[in-house]
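Okay, so here's the structure we're looking at.
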Amino acid sequence: MTPPWTTPIVQFLREGTLPEDHKEARNVKLRSARLVLTDGDLYKRGFLSPLLKCLNPDRAEYVLRVVHEGSCGNHSGARSLAKKVLRQGYYWPTMIKDASALVRKCSPCQKHANHLHNPTTFMKTMESPCPLDMWVNGHSRKVTTYDRTERISDSGSGLLHQMG
Numbered sequence: 342m343t344p345p346w347t348t349p350i351v352q353f354l355r356e357g358t359l360p361e362d363h364k365e366a367r368n369v370k371l372r373s374a375r376l377v378l379t380d381g382d383l384y385k386r387g388f389l390s391p392l393l394k395c396l397n398p399d400r401a402e403y404v405l406r407v408v409h410e411g412s413c414g415n416h417s418g419a420r421s422l423a424k425k426v427l428r429q430g431y432y433w434p435t436m437i438k439d440a441s442a443l444v445r446k447c448s449p450c451q452k453h454a455n456h457l458h459n460p461t462t463f464m465k466t467m468e469s470p471c472p473l474d475m476w477v478n479g480h481s482r483k484v485t486t487y488d489r490t491e492r493i494s495d496s497g498s499g500l501l502h503q504m505g
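In this text, residue positions in the sequence shown follow my numbering: the first is 342, and each later residue adds one.
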């Protein structure tokens, strides 16, 4: 079993020890710059929020389930669920991925989700012989020219008389 993602960071912040692997040590240093160790608990500094408590994967799954299915849970989508957990003051790096996995496994969410009722075939375009025919409503408005004089048949709509 692999240790939780917080273990190397807590060791670095508490004792100053880094992992042997150079890439992992660099990653721990970069991650720990945004994290604070207070009373043995690891917190992430937020830009516009107070300190966010960092959770291990087992505790994170419990928090996701409580927020998603709890007494005030409304079976929301993955991104909305992740943002709700952030507003509650919790953080872990794979929040959105874990939330989408939980929503995909939730049977009430799948049962009551919006379903596409479109046919599986491609839609076919229908060519009209007269593209503007749907706006004409059967009135004939033809422009004919006879020796530089124009005649317009209005079919009784009265637009020409109103326009003057």
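The beta carbon of each residue, even a glycine, is placed where N, CA and C say it ideally should be.
Sequence-distant partners of Val-351 (beyond 5 residues in either direction) whose C-beta falls short of 8 Å from its own C-beta, in its chain, are Leu-378 and Leu-383. The three-state reading of DSSP puts Asp-439 in helix, counting H, G and I together.
In the three-state reduction of the DSSP assignment, Cys-447 falls in the coil class. Between Glu-410 and Asp-362, the alpha-carbon positions lie close to 40 Å from each other.
Counting along the chain, no alpha helix (DSSP H) covers Thr-358, and no H or E run does either. For Leu-393, the enclosing beta strand (DSSP E) has its first and last residue at 393-395. Beta-bridge analysis with DSSP links Val-377 to Tyr-384.
Distances from the alpha-carbon of Tyr-431 to those of Lys-438, Leu-393, Ile-437 and Ala-423 put Leu-393 closest. Between Leu-422 and Val-444, the beta carbon gap of about 7 Å places them in contact (Cβ cut-off 8 Å). Residue environment: Asp-439 is assigned as buried (16 or more neighbouring CB atoms within 10 Å of its CB, all protein chains considered). In terms of Cβ geometry, Leu-376 and Leu-354 form a close pair [threshold 9 Å]. Boundaries of the alpha helix (DSSP H) around Ser-421: 419-429. Closest in alpha carbon position to Thr-348, among Leu-389, Pro-391 and Cys-395, is Cys-395. Per DSSP, the continuous alpha helix (DSSP H) segment holding Pro-398 begins and ends at 398-410.
When the Cα atoms are used, Ile-437 and Arg-420 turn out to be separated by approximately 6 Å. Take the alpha-carbon of Ser-373 and the one of Thr-435: they are about 16 Å apart.
Between His-453 and the set Arg-400, Trp-433, Asn-415 and Lys-424, the nearest pair of CA atoms involves Asn-415.
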